[in-house]
Amino acid sequence: MVDLRDFIAGMPKCELHLHLEGTLEPELKFELAKRNGMSLPYKDAAEMRAAYDFNDLPSFLKIYYEGMKVLVHEPDFYDLTFAYLAKAHAQNVRYAEMFFDPQPHTGRGVPFAVVIRGIRRAQMDAERILGIKSQLIMCFLRDWSAEFAMTTLVQSLPYREWIVGVGLDSDEKNNPPVKFKAVFERARSEGFLLTMHCDVDQQNSTEHIRQCLEEIGVNRIDHGVNVLDSNALIDEVARRRLALTICPVSNAFVTNGSKAKEIKRMLDLGIRATVHSDDPAYFRGYITENFVCTQEEADLGPKDVVQLSRNAFESTWLPRAAKERYLAELDAYAAR
Ligand code: ADE
Ligand code: ZN
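Take 148 as the starting number for the sequence shown in my numbering and just add one per residue.
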């Protein structure tokens, strides 16, 4: 009898929905606060963790933005990124596409260059030392103005080669994809690939997904579980083989349940569902825990588990030859 937990833990995996700032563990928060002469309103990491209290997207985001204020200097962004990549490597993640949110940093006076140089240096070191590859996706905050997003896009252009795509995150209420149509058109013209969050069970979720498909022309969607509410969206997403990067442990915090059964339904419908971590330091589940949660709650067999990992490698923003190498490794693992 195969132990599916062990099978999942050892399986070559790929992370496509991961906010770097959401990997900031309380222990590192305390270390950075000390280094930067800041005080935190908790006695220690355990007390801070115990105070994490959220039950929807806005209540989570409030704690998330407050937490990242300890990131000030380039080594802080380096330490954050290297710690995440080491953790991912330990969970057999072979490749990661990681979101970063420049605006909450530049908005409090941290230069864009400080943020991206620290992250980039850690990516290079992690690849050299650990063998884990990664690329960056720059997210714009949808509850801030389109003008600030455009300024940020222009600021990023000197670092164009370090960023594979752009995304849209933060509070979705009253902030539809079309608010950023011009920003995403410009991003596409600069050669960036495009993704956007369509968080789960939001006001107007299906309309936001429709805008992503028809008005923005995204290359994938982050979350997007509410595709299942519309037959037209199901057909379109399946036809385009568009990836939906779903985060079950996060879902259980910010909406009603993990949506693991919805993931299984997507697999059965031929929708390219994938499983990822979102903000693992806050939701307390990295990619292995997200796979285990999905497997247990939807009673997935090994074939479904491998299909989820295959879907993710297929959906990476990598050249075909690189995808094939990862897929061959996954196939060899599954055959054993
Ligand atoms: N920013 C960080 N995590 C997020 C999430 N789950 N949804 C929207 N914005 C985010
Ligand atoms: Zn997310």
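Just so you know, even glycine gets a beta-carbon here, dropped at the ideal spot from N, CA and C.
For clarity, every value in this text was computed on a predicted model and none was experimentally measured.
Environment of residue i [buried if 16+ CB atoms lie within 10 Å]
| i | result |
| --- | --- |
| A407 | buried |
| K411 | buried |
| R442 | It should be noted that the sequence gives Gln, not Arg, for residue 442. Q442 should be labelled buried. |
| N378 | exposed |
| A482 | exposed |
| D346 | buried |
| Q350 | exposed |
| N321 | exposed |
| M271 | exposed |
| V301 | exposed |
| S397 | buried |
| K160 | buried |
| I276 | exposed |
| L360 | buried |
| S317 | buried |
| S303 | buried |
| A305 | Note that residue 305 corresponds to Pro in the displayed sequence, not to Ala. Looking at its Cβ environment, which holds fewer than 16 other Cβ atoms inside 10 Å, P305 is exposed. |
First through last residue of the beta strand (DSSP E) which encompasses residue i
| i | result |
| --- | --- |
| L341 | 340-345 |
| R387 | Run containing R387: none in the beta strand (DSSP E); it sits in the alpha helix (DSSP H), 378-387. |
| T492 | Since the first residue of the chain shown is 148 and the last is 483, residue 492 is not available in this structure. |
| Y242 | 240-247 |
| L474 | Element bounds for L474: not the beta strand (DSSP E) but the alpha helix (DSSP H), 467-482. |
Any chain D beta carbon closer than 8 angstroms to residue i
| i | result |
| --- | --- |
| N351 | Protein chains in the displayed structure number just one, and chain D is not present. |
Of the residues the options, the one placed nearest residue i, counting alpha carbons only
| i | options | result |
| --- | --- | --- |
| S186 | L171, D203, Y199, G214 | G214 |
| V488 | E294, I279, Q358, R367 | What the structure shows of the chain is the stretch from 148 to 483, and residue 488 is not part of that stretch, so it cannot be assessed. |
| A420 | H370, L204, E383 | H370 |
| G278 | V311, Y306, A235, L304 | A235 |
| L455 | R472, N437, E471, A468 | N437 |
| S263 | R275, F224, A233 | It should be pointed out that residue 263 corresponds to Ile in this sequence rather than to Ser. I263 has its Cα closest to that of F224, out of R275, F224, A233. |
| D290 | E162, E354, L315, A230 | L315 |
| D451 | K326, G417, G432 | G417 |
| R431 | Y189, A197, D191 | A197 |
| I284 | M195, A385, T463, P449 | T463 |
| A475 | L389, F460, G404 | F460 |
| L340 | G184, I310, P324, E354 | I310 |
| A193 | A428, D446, S206, L477 | A428 |
| D500 | M158, V240, E172 | As shown, the chain starts at 148 and ends at 483. That puts residue 500 outside it, with no answer to give. |
| K209 | G169, G448, P222, D191 | G169 |
| A445 | P466, V422, R467 | V422 |
Residue interval of the alpha helix (DSSP H) (run including residue i)
| i | result |
| --- | --- |
| G157 | 151-157 |
| M195 | 192-198 |
| G432 | Where G432 is concerned, there is no enclosing alpha helix (DSSP H), given that its DSSP letter is neither H nor E. |
| E332 | 328-336 |
| D203 | Counting along the chain, D203 falls outside any alpha helix (DSSP H), and DSSP gives it neither H nor E. |
| D348 | D348 -> no alpha helix (DSSP H), and no H or E assigned at all. |
| E162 | Careful: E162 lies outside any alpha helix (DSSP H), inside the beta strand (DSSP E) at 160-162. |
| D316 | No alpha helix (DSSP H) holds D316; the beta strand (DSSP E) holding it covers 310-316. |
| Y306 | Premise fails: Y306 is in no alpha helix (DSSP H) and is neither H nor E. |
| K234 | 221-237 |
| P251 | 250-253 |
| E409 | 407-416 |
Collapsed DSSP secondary structure at residue i in the structure displayed
| i | result |
| --- | --- |
| M148 | Because M148 sits at a pLDDT of 49, beneath the cut-off of 50, its placement in the model cannot be relied upon, and the following sentence gives the value as read from the coordinates. Looking at M148 - three-state DSSP - the assignment turns out to be coil, as it is neither helix nor strand. |
| C440 | helix |
| V365 | coil |
| M185 | coil |
| L455 | helix |
| G278 | coil |
| I263 | helix |
| C394 | coil |
| L288 | strand |
| T421 | strand |
| L283 | strand |
| L218 | coil |
Closer than 7 angstroms: residue i CB and nearest the ligand NAD heavy atom
| i | result |
| --- | --- |
| D425 | Looking for the ligand NAD in the displayed structure turns up nothing; the ligands present are the ligand ADE and the ligand ZN. |
Beta-carbon separation (whole angstroms), residue i vs residue j, contact threshold 8 angstroms
| i | j | result |
| --- | --- | --- |
| M257 | V217 | The displayed chain sequence assigns Val, not Met, to residue 257. Not quite, the Cβ-Cβ distance comes to about 11 angstroms (not below 8 angstroms), so this is no contact. |
| I141 | L380 | With the chain covering only 148 through 483, there is no way to say anything about residue 141. |
| L227 | A273 | No, L227 and A273 are not in contact; Cβ-Cβ is about 12 angstroms, not under 8 angstroms. |
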